[in-house]
Amino acid sequence: MQFLATPDGIPLWVSGVEPGSVHDLAAARVHALPDLYPAIRDGLPALADIGYLGAGGGLQVPFRKHPDLPGDLGLDNETYNKLHRGLRLPAERAMAELKQRWRTLQHVTLSPNRIGAIAQAALALNNAWRP
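In terms of the working numbering, the sequence shown opens at residue 586 and continues consecutively.
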């Protein structure tokens, strides 16, 4: 399931669910990135976690240490990663809040088609409760 939130942590959108075990980037290429890339080209900053490494198109992801190279990332890259993590924190908290408030989203064993509808309903109810 893919998720978009505002910089201040208000959930905006939840995607449908892909059946089986699908990598974040593969699911994002189906559900989120086709609509997000034009907005990024128009100047919308978009941050993602390390699972979206290789998405391209201006999506900002943290640096990852190459497994075959010795040494650390370097001070500049580590600083970038800390800033990136800090900027993503409100959105991550929004998703955690959504999953905790609506416990049915934690361990769902229904059909993937129904899970997406439940997540979108939970998002609508969650945003209706916001002050």
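We treat Cβ as the ideally placed atom computed from N, Cα and C, and that holds for glycine. Nothing here was measured: the structure is a model prediction, and the numbers come from that model.
Item	Value
DSSP three-state assignment for Trp714, whether helix, strand or coil	helix
C-beta atoms of Arg649 and Leu638 nearer than 8 Å	yes
Nearest residue (CA-CA) to Ala617, options Ala706, Asn711, Arg678, Leu597	Leu597
Spatial neighbours of His669 in its chain, beta-carbon cut-off 6 Å, leaving aside the 5 residues before and after	Pro647
Unbroken stretches of the beta strand (DSSP E), 3 residues or longer, contained in the stretch 619-703	none
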